[in-house]
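For the protein sequence lines, the chains are A and R, in the order given. Each residue of the first sequence is one higher than the one before, counting from 5 in the numbering used here. Each residue of the second sequence is one higher than the one before, counting from 5 in the numbering used here. This report refers to the structure that appears directly beneath it.
2 protein chains.
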Amino acid sequence: MAAFDQCPYSSICLPATRLPRVVVIGGGFGGLELVRRLRRAPVQVVVLDRNNFHKFQPLLYQVAIGAVPPDAIVAPLRKQFRRATNVVFRMAEVQRIAPEERKVYTDIGAVRYDYLVVATGSATNFFRLEGVQRHALGLKEVDEALDIRSWMLQNLEEAAVTCDAAVRQALTSFVVAGGGPTGVELAGALAEFRKYVLPRDYPELPHGEVRITLVEGAERLLTHLPASLSAYARHVLESLGVEVRCGVLLQDYDGHEVRLSDGTRLYARLLVWSAGVRGQAPSGLPAEAIAPNGRLYVDDYLRVRGLERVFAIGDVALLECADYPRGHPMVAPVAIQQGRWLGRALTEQVRSGQWIAPFRYRDKGALATIGRHRAVAVLWGRRWKGPIAWWLWAFVHIFSLIGFQNRIMVFVSWVGHYFSYEKANQVIIRKFIPALRHRHTRAAASVPKEE
Amino acid sequence: MAAFDQCPYSSICLPATRLPRVVVIGGGFGGLELVRRLRRAPVQVVVLDRNNFHKFQPLLYQVAIGAVPPDAIVAPLRKQFRRATNVVFRMAEVQRIAPEERKVYTDIGAVRYDYLVVATGSATNFFRLEGVQRHALGLKEVDEALDIRSWMLQNLEEAAVTCDAAVRQALTSFVVAGGGPTGVELAGALAEFRKYVLPRDYPELPHGEVRITLVEGAERLLTHLPASLSAYARHVLESLGVEVRCGVLLQDYDGHEVRLSDGTRLYARLLVWSAGVRGQAPSGLPAEAIAPNGRLYVDDYLRVRGLERVFAIGDVALLECADYPRGHPMVAPVAIQQGRWLGRALTEQVRSGQWIAPFRYRDKGALATIGRHRAVAVLWGRRWKGPIAWWLWAFVHIFSLIGFQNRIMVFVSWVGHYFSYEKANQVIIRKFIPALRHRHTRAAASVPKEE
């Protein structure tokens with residue numbers, strides 16, 4: 005069918021309009037909030053994302069551990085924009101931005117913009133540790149979470165038929181690098197998995213052998229929270245049997261052995277790397293706009309340094325201000341507030357050519373869960389820990405999920421675990437094959453569409 | 005870590021026992037029911053399955069269409085056997101059976117048996133149509149269902165940026181081969197997707213272009229049901245806008261063009277092949293035991309022809325009897341009844357050396373859904389169609405699911421669709437890449453474990 009291979013499209017087929025066009029790259033927390041605010045503005049909004057869904061990142065670790073199904077924490081982007089007649093969604097991988105032409109080049113063609121918003125978020129930062137990059141698993145994408153789940157269960161199945169105790173221990177040991185919320189939550193969930201699920205589902209494994217280690221380079225966990233809460237989190241993790249090693253750097257990993265800066269060697273077949281993120285700036289932007297960690301310098305109006313009509317919001321934006329001299333934390337609330345602000349600002353710009361008051365972040369607090377009935381929070385100017393913080397955490401997360409059905413699904417899963425002390429989804433839907441890892445996850449973009 | 009690469013396991017590490025050992029290959033409907041019946045029998049049961057979960061095949065098409073999450077229709081096998089102290093589960097791919105040694109060879113080692121039960125089920129039969137095998141998608145496994153979902157959505161996204169109407173039509177056209185329950189249910193679900201979801205989520209697609217074709221070689225759909233119900237099913241599908249072509253064979257497919265035996269050519273980028281199944285007999289069994297369609301000839305006692313201690317149940321077993329001269333239909337109720345019978349029979353064998361009365365199948369009826377409020381059923385000796393049959397279908401399927409949480413999840417999804425007329429999970433969690441298809445699905449077994 006030669007005719008089909010020569011499909012002549014070269015643009016991304018947008019409806020003709022006289023309105024100014026706002027192109028938004030990324031449908032994460034920031035992008036989604038921005039688009040919501042632009043629904044009634046006199047602009048055409050074009051949303052580009054390489055996935056066709058928005059993901060609720062804070063619960064990704066629960067997918068990894070098998071506590072909730074992946075479908076429950078994602079929401080199709082087209083569904084979000086359904087009632088907005090001025091919004092067009094295109095699933096596309098951005099290749100480069102050409103500010104001099106005011107164009108974005110993607111794998112499905114180029115699109116001109118009047119205003120461009122970069123909301124591409126962040127990616128795992130391996131800090132040039134090649135072995136780690138090759139053998140560890142990240143926890144930023146839904147398919148990575150599913151890979152962790154598969155690989156963990158595959159290792160347990162292999163351990164069940166392994167007689168050599170040392171090998172078995174490596175197969176059942178987990179190292180989590182990074183003592184931020186993701187690392188702490190994952191380590192806590194793994195510890196509960198070991199306590200409640202392993203003895204019942206894997207009676208053949210001597211579960212005293214199973215080691216869970218959390219490695220953090222700083223001197224304490226959860227450095228964004230007050231020291232007293234960090235200490236509490238560490239205490240809870242240790243009482244759950246997690247080995248917490250602070251002030252130690254992870255230096256190398258070959259798929260079997262983790263080397264730490266204090267000389268320790270840990271044997272583990274699963275290393276989850278959540279010890280660093282970097283901004284995911286698309287290529288084509290001027291060098292002076294890009295910070296060493298990949299984020300984009302923006303001014304008080306979220307404009308990318310040196311560019312007129314290009315904005316950045318969320319994790320990828322680096323706004324150095326008095327309160328946050330090294331930029332805001334890379335978390336959802338910042339992205340949402342920036343999206344909201346920019347939605348108002350662009351509407352005003354288009355309508356009157358004026359700027360509204362510059363963006364200011366209001367810190368509403370932070371939450372992190374550690375285990376059953378154990379969480380820490382800073383909310384309304386107070387510190388919370390223990391069961392109250394845990395209920396707050398559960399409440400906030402259920403209500404932040406998009407879609408009634410997702411809320412119910414997560415709620416049902418949680419109620420199930422709450423009473424049965426177990427996770428329900430220990431299934432290996434797709435085996436994780438280390439040799440194919442890079443093909444699995446990011447190959448989609450580079451493989452030719454037709455063959 | 006050279007030491008880890010030489011792990012010396014060669015058996016599959018089973019607990020020592022003096023009880024006779026029953027090895028069951030396959031944790032489908034038959035295998036699961038059998039193991040449940042053997043929980044209190046004086047035997048050691050070893051269950052082998054290449055997946056670590058049982059799947060509820062009748063709802064697989066709902067995963068394909070995005071109506072329920074994959075996690076909701078699978079149940080971890082280890083969880084099923086948790087309270088059965090005489091049952092051991094091993095995730096293993098069977099390589100061959102050696103009846104002369106009474107051993108099963110697997111990718112994780114060999115296991116001796118006293119009794120062997122082959123419950124390996126069925127696989128898609130492509131009838132040596134090479135093009136179809138290469139380019140069509142089957143619907144027998146969970147990952148195939150997810151591939152259909154991804155591929156369908158990827159094609160729709162591509163169609164949204166395609167200006168050539170002929171190409172766009174091929175991208176948005178679906179051909180389903182096979183007018184059995186799976187084909188009918190999938191075609192009906194696709195038609196409802198076109199009717200309720202497409203206009204809202206893909207306003208840029210002229211949805212009059214979208215064609216759904218169901219091809220069946222026999223003269224009518226659902227040949228296992230009375231002709232009046234087949235006619236009703238066809239009528240409902242046609243009123244939903246499905247082109248039904250009976251008495252026509254699908255001859256070839258190159259990924260773009262379907263060729264039918266009456267000379268028709270259909271252009272479609274997605275062909276789902278549910279037009280044939282074959283028994284999935286493991287290798288190593290005597291040639292005279294294997295029927296041309298891959299099933300295993302068994303006698304009234306479900307013993308595989310020519311072998312003493314080897315049994316077969318479910319889709320893979322071919323029991324030619326007076327009522328069913330060409331064997332029982334390859335459906336779940338047969339497998340479940342055979343598993344139940346064999347559980348009782350083996351218990352009696354081990355206890356007293358006697359045989360119970362030979363297996364007889366009791367036909368309790370059949371159900372197939374076509375669309376919202378439209379289904380057909382033969383139950384309690386009566387024919388049902390329309391809303392009553394549909395409610396019966398929903399009821400039976402919810403209650404047949406394993407696990408309280410799965411029931412709730414499917415129920416919540418269905419209630420959601422029922423009132424909103426839409427499917428909730430249109431997400432491409434992993435892109436389907438045709439070039440990698442065989443690596444995705446079955447490669448796991450052939451890729452070396454260590455690298």
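Even glycine gets a Cβ: it sits at the ideal position worked out from N, Cα and C. Remember, predicted model here, so these are calculated numbers, not experimental data.
Checklist entry - How do the region 366–382 of chain R and the region 210–220 of chain R stand: do at least 3 beta-carbon pairs fall below 8 Å, yes or no? => result Contact fails: fewer than three Cβ-Cβ distances are below 8 Å.
Checklist entry - Applying a beta-carbon distance threshold of less than 8 Å, which residues of chain R neighbour A/P46? => result One-based indexing of the first sequence puts residue 46 of chain A at position 42. Under the 8 Å cutoff, chain R gives no residues; its nearest Cβ is about 20 Å from A/P46.
Checklist entry - What residues in the region 56–67 of chain R have a beta carbon less than 8 Å from any beta carbon of chain A? => result Listed by position, the residues of the region 56–67 of chain R near chain A (Cβ gap below 8 Å) are N56, F57.
Next on the checklist: Which same chain residues end up closer than 8 Å to R/P230 when comparing Cβ atoms and leaving out the 5 residues on each side of it in sequence?
Outcome noted: By 1-based counting over the second sequence, the position of residue 230 of chain R is 226. Within the same chain, R/P230 has close Cβ partners V382, R387.
Checklist entry - What separation, rounded to the nearest whole angstrom, lies between the Cα atoms of A/S404 and A/A336? => result Your numbering for residue 404 of chain A matches position 400 in the first sequence. Your numbering for residue 336 of chain A matches position 332 in the first sequence. Rounded to whole angstroms, the gap between the alpha carbons of A/S404 and A/A336 is 11 Å.
Checklist entry - So, does the CB of R/N429 fall closer than 8 Å to a CB anywhere in chain A? => result The sequence position of residue 429 of chain R within the second sequence is 425, counting from 1. Answer yes: the Cβ-Cβ gap between R/N429 and chain A drops below 8 Å somewhere.
Checklist entry - From which residue to which residue does the beta strand (DSSP E) around R/S126 run? => result For the purposes of this step, residue 126 of chain R is taken as residue 122 along the second sequence, with counting starting at 1. Unbroken beta strand (DSSP E) run through R/S126: 126–128.
Checklist entry - So what's R/G221 in DSSP terms, helix, strand or just coil? => result Indexing the second sequence from 1 puts residue 221 of chain R at position 217. In the structure shown, R/G221 falls within a coil segment according to DSSP collapsed to helix, strand and coil.
Checklist entry - Applying the criterion that 16 or more other CB atoms from any shown protein chain within 10 Å of the CB defines a buried residue, is R/R22 buried or exposed? => result In the second sequence, counting from the first residue as 1, residue 22 of chain R sits at position 18. R/R22 is classed as exposed because its beta carbon has fewer than 16 other beta carbons within 10 Å across all chains shown.
Checklist entry - When you compare only the Cα positions, how much space is there between R/H139 and A/A76? => result If you number the second sequence from 1, residue 139 of chain R lands on position 135. If you number the first sequence from 1, residue 76 of chain A lands on position 72. R/H139 and A/A76: Cα-Cα distance of roughly 31 Å.
Checklist entry - At a CB-CB cut-off below 7 Å, which residues of chain A make contact with R/D75? => result To locate residue 75 of chain R, count along the second sequence from 1; it is residue 71. Taking a Cβ-Cβ cut-off of 7 Å, the neighbours of R/D75 in chain A comprise P73, N429, V431, given in sequence order.
Next on the checklist: Looking only at its chain, what residues have a beta carbon closer than 6 Å to the beta carbon of A/D118, apart from the 5 residues adjacent to it on each side?
Outcome noted: Here residue 118 of chain A refers to the residue found at position 114 when the first sequence is read from its first residue. Closer than 6 Å at Cβ, skipping near neighbours: P24, R25.
Item to check | Any C-beta of chain A under 8 Å from that of R/S417 | outcome: Along the second sequence, read from residue 1 onward, the residue named residue 417 of chain R stands at position 413. Interface criterion met: the Cβ of R/S417 is under 8 Å from a Cβ in chain A.
Next on the checklist: To test your reading of the DSSP string, which unbroken alpha helix (DSSP H) runs of 4 or more residues are found completely within the region 292–344 of chain R?
Outcome noted: Counting whole runs of 4 or more residues, the region 292–344 of chain R contains no alpha helix (DSSP H) stretch at all.
Item to check | Rounded C-alpha distance that separates R/S278 from R/R224 | outcome: Taking the second sequence and counting its residues from 1, the one referred to as residue 278 of chain R is at position 274. Taking the second sequence and counting its residues from 1, the one referred to as residue 224 of chain R is at position 220. The alpha-carbon of R/S278 is positioned some 15 Å away from that of R/R224.
Checklist entry - Using a C-beta to C-beta distance shorter than 7 Å, which residues of chain R count as neighbours of A/R348? => result Taking the first residue of the first sequence as position 1, residue 348 of chain A is located at position 344. Correct list: empty, because the minimum Cβ distance to chain R is about 27 Å.
Checklist entry - Secondary structure at A/Q173, three-state DSSP: helix, strand or coil? => result The residue you call residue 173 of chain A lines up with position 169 of the first sequence. In this structure, DSSP gives A/Q173 a helical state, which the three-state scheme calls helix.
Next on the checklist: Assuming R/L254 is part of the beta strand (DSSP E), what are its boundary residues?
Outcome noted: Counted from its first residue, the second sequence places residue 254 of chain R at position 250. First-last of the beta strand (DSSP E) with R/L254: 254–257.
Item to check | At least 3 beta-carbon pairs within less than 8 Å: the region 345–356 of chain A vs the region 148–168 of chain A | outcome: For the pair of segments examined, the region 345–356 of chain A was found not to touch the region 148–168 of chain A: the number of CB pairs separated by less than 8 Å stays below three.
Checklist entry - Can you list the residues of chain A that R/G144 reaches, using a CB-CB cut of under 7 Å? => result Within the second sequence, the letter at position 140 stands for residue 144 of chain R. With the sequence shown as reference, residue 144 of chain R is identified as Lys, and Gly is not the correct amino acid for it. Correct list: empty, because the minimum Cβ distance to chain A is about 14 Å.
Checklist entry - Helix, strand or coil for R/G187 per DSSP? => result Here residue 187 of chain R refers to the residue found at position 183 when the second sequence is read from its first residue. Here DSSP, grouped into helix, strand and coil, assigns R/G187 to helix.
Item to check | Contact test: A/A170 Cβ vs the ligand SAM heavy atom, cutoff 7 Å | outcome: The ligand SAM is not part of the structure shown, which contains no ligands of any sort.
Checklist entry - In terms of residue numbering, what span does the beta strand (DSSP E) encompassing A/A20 cover? => result Within the first sequence, numbered from 1, the residue matching residue 20 of chain A stands at position 16. Run containing A/A20: none; DSSP gives neither H nor E here.
Checklist entry - Between R/A370, R/G184, R/L350, R/V180, which lies nearest to R/L42 when the distance is taken from Cα to Cα? => result Here residue 42 of chain R refers to the residue found at position 38 of the second sequence. The candidate whose alpha carbon is nearest that of R/L42 is R/L350.
Checklist entry - Just the Cα atoms here: how many angstroms apart are R/I433 and R/G310? => result As a position in the second sequence, residue 433 of chain R is number 429, starting the count at 1. As a position in the second sequence, residue 310 of chain R is number 306, starting the count at 1. Approximately 47 Å, taken between the alpha carbons.
Next on the checklist: With a threshold of 8 Å between beta carbons, is A/E161 in contact with chain R?
Outcome noted: Reading the first sequence from its first residue, position 157 is the one you call residue 161 of chain A. It does: the Cβ of A/E161 has a partner Cβ on chain R nearer than 8 Å.
Checklist entry - Using the beta-carbon count (16 or more within 10 Å), is R/R54 buried or exposed? => result Position 50 of the second sequence, counted from the first residue, corresponds to residue 54 of chain R. By the C-beta density criterion, R/R54 is buried, having at least 16 other C-beta atoms within 10 angstroms.
Next on the checklist: Excluding the 5 residues flanking A/G298 on each side, which residues of the same chain have their C-beta closer than 6 Å to its C-beta?
Outcome noted: Here residue 298 of chain A corresponds to residue number 294 of the first sequence, with the count starting at 1. Its chain contains R282, G283, A285 as the residues whose beta carbon lies nearer than 6 Å to that of A/G298, once the 5 sequence neighbours on both sides are disregarded; these appear in chain order.
Checklist entry - Who does R/Y206 pair with in a DSSP beta bridge? => result For this step, residue 206 of chain R is matched to residue 202 along the second sequence. In DSSP, R/Y206 forms no bridge with anything.
Checklist entry - Touch check for the region 397–416 of chain R and the region 69–89 of chain R: three-plus C-beta pairs under 8 Å? => result The answer is yes - the region 69–89 of chain R touches the region 397–416 of chain R, with three or more Cβ pairs under 8 Å.
Checklist entry - Cβ of R/K389 less than 8 Å from any chain A Cβ? => result Counting from 1 along the second sequence, the entry for residue 389 of chain R is found at position 385. Interface with chain A (8 Å Cβ-Cβ cutoff): R/K389 is excluded.
Next on the checklist: A/L52 and A/Y89 - do their beta-carbons sit closer together than 8 Å?
Outcome noted: Counted from its first residue, the first sequence places residue 89 of chain A at position 85. Counted from its first residue, the first sequence places residue 52 of chain A at position 48. What sits at residue 89 of chain A in the sequence shown is Thr, not Tyr. Their beta carbons are not under 8 Å apart, which means A/T89 does not touch A/L52 by this criterion.
Checklist entry - So with Cβ pairs under 8 Å, would you call R/V451 a contact of chain A? => result To locate residue 451 of chain R, count along the second sequence from 1; it is residue 447. Summary for R/V451: the model assigns pLDDT 34, below 50, so the residue's position carries little reliability; its value from the coordinates is reported in the next sentence. By this cut-off, R/V451 is an interface position.
Item to check | Proximal residues to A/A449 (C-beta, below 8 Å), its chain only, five neighbours per side dropped | outcome: Counted from its first residue, the first sequence places residue 449 of chain A at position 445. Note that A/A449 scores a pLDDT of 36, beneath 50, so its modelled location is shaky; the value from the coordinates is reported in the next line. So the qualifying residues of the chain are R54, E97, D111.
Item to check | Collapsed DSSP secondary structure at R/A6 in the structure displayed | outcome: Translated into positions along the second sequence, residue 6 of chain R becomes position 2. Note on R/A6: pLDDT 32, under 50, position unreliable in the model; no value is reported.
Checklist entry - Could you give the residue range of the alpha helix (DSSP H) that holds R/I69? => result As a working note, residue 69 of chain R is residue 65 in the second sequence. Per DSSP, the continuous alpha helix (DSSP H) segment holding R/I69 begins and ends at 64–69.
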